[in-house]
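Trainee:
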Amino acid sequence: EAQVTQNPRYLITVTGKKLTVTCSQNMNHEYMSWYRQDPGLGLRQIYYSMNVEVTDKGDVPEGYKVSRKEKRNFPLILESPSPNQTSLYFCASSLGGREYNEQFFGPGTRLTVL
Amino acid sequence: AQSVSQHNHHVILSEAASLELGCNYSYGGTVNLFWYVQYPGQHLQLLLKYFSGDPLVKGIKGFEAEFIKSKFSFNLRKPSVQWSDTAEYFCAVTPRMGYSSASKIIFGSGTRLSIRP
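Chains E and R are the protein sequences, given in the same order. Position in the first sequence counted from 1, then plus 202, gives you this note's numbering. Position in the second sequence counted from 1, then plus 459, gives you this note's numbering.
#1: Count the other CB atoms within 10 Å of the CB of GLY488 of chain R; is the residue buried (16 or more) or exposed (fewer)?
#2: Alpha carbon to alpha carbon, how far is ASP258 of chain E from PRO283 of chain E? Give it in angstroms, no decimals.
#3: Leaving out five residues on either side along the sequence, give the residues of the same chain with a beta carbon under 7 angstroms from the beta carbon of LEU506 of chain R.
#4: What in chain E is Cβ-close to LYS528 of chain R, meaning under 8 angstroms?
#5: So, at 6 angstroms on beta carbons, what are the nonlocal neighbours of HIS466 of chain R in its own chain, with the 5 sequence-adjacent residues on each side left out?
#6: Taking CYS482 of chain R as part of the beta strand (DSSP E), name the residues at either end of that continuous run.
#7: At what residues does the beta strand (DSSP E) containing ALA476 of chain R begin and finish?
#8: Just the C-alpha distance for TYR233 of chain E and ALA294 of chain E, rounded to the nearest angstrom, thanks.
#9: Note the first and the last residue of the continuous beta strand (DSSP E) segment covering LYS520 of chain R.
#10: In terms of DSSP beta bridges, what is TRP542 of chain R paired with?
#11: Within the same chain, show all residues whose beta-carbon is closer than 6 angstroms to that of GLN305 of chain E, passing over the 5 residues directly before and after it, in chain order.
#12: Give the range of the beta strand (DSSP E) segment to which LEU503 of chain R is assigned.
#13: Residue range of the beta strand (DSSP E) that MET252 of chain E falls in?
#14: First and last residue of the beta strand (DSSP E) that includes ASN491 of chain R?
#15: Could you give the first and the last residue of the continuous beta strand (DSSP E) run that contains ALA294 of chain E?
#16: Can you give me the start and stop residues for the beta strand (DSSP E) that ARG571 of chain R sits inside?
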């Protein structure tokens, strides 16, 4: 089944404790992206990747890191989480290329930073 | 700066009522337009999309949207809603800039739709 998976689905942590949220897709998509969803703000793009070893900042990159060492994986790293990073996070992937294609979203990761 | 506005934050309708959710964007160039739906506790799914051609686009589950370029709008419609349409709806825009068009997608803040049985 074609899908985007994220782990963990729920995470409660404390300020300053490094964490990684994994994202994996099995559709051989070139493009992957991370968003955070906050009430009243919709989805805001954190980072995106056009292909392996190619990443770039979205609208709200501060406090986050990403890496794209393999095509299928795009982990989101919070080196020193803070309470303002409490949010619902979505990973997405698409074919990319000349014509924009539909983004396929993962199930989401609800992160709480105390 | 590019932006997408969804003016209705929460819409409450009875079953069988007609639905129209507004979406306006600010960008002077060519765009691709999307509506996504998020059912309670689930991830976002594509409802419909517009790239070019007929400005009236039909999507899944009886939804349609009309692109009106002069108004920078892409409103979502459904003639008769069902209880199962209860969800949050997001309008999204990507400026079309050649190969890099996949890099930037701008979402609206979402409209929560509640349907009374």
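Heads up, the beta-carbon is just placed ideally off N, CA and C, and yes, glycines get one too.
Mentor: The relevant details are as follows:
#1: exposed
#2: Spanning the alpha carbons of PRO283 of chain E and ASP258 of chain E requires a straight line of approximately 20 angstroms.
#3: TRP494, TYR495, VAL496, GLY518, ILE519 and PHE522
#4: In chain order: nothing, as chain E lies at least about 18 angstroms away.
#5: Counting only Cβ-Cβ distances below 6 angstroms, and skipping sequence neighbours, we find GLY481.
#6: Here CYS482 of chain R belongs to no beta strand (DSSP E), and DSSP marks it neither H nor E.
#7: That residue, ALA476 of chain R, is in no beta strand (DSSP E); it is neither H nor E in DSSP.
#8: CA-to-CA, the gap between TYR233 of chain E and ALA294 of chain E works out to about 8 angstroms.
#9: Note, LYS520 of chain R: premise wrong, no beta strand (DSSP E); not H, not E.
#10: Answer is none; TRP542 of chain R lacks a bridge partner.
#11: ALA294 and SER296
#12: First-last of the beta strand (DSSP E) with LEU503 of chain R: 503-509.
#13: 244-253
#14: 490-497
#15: 289-296
#16: 570-575
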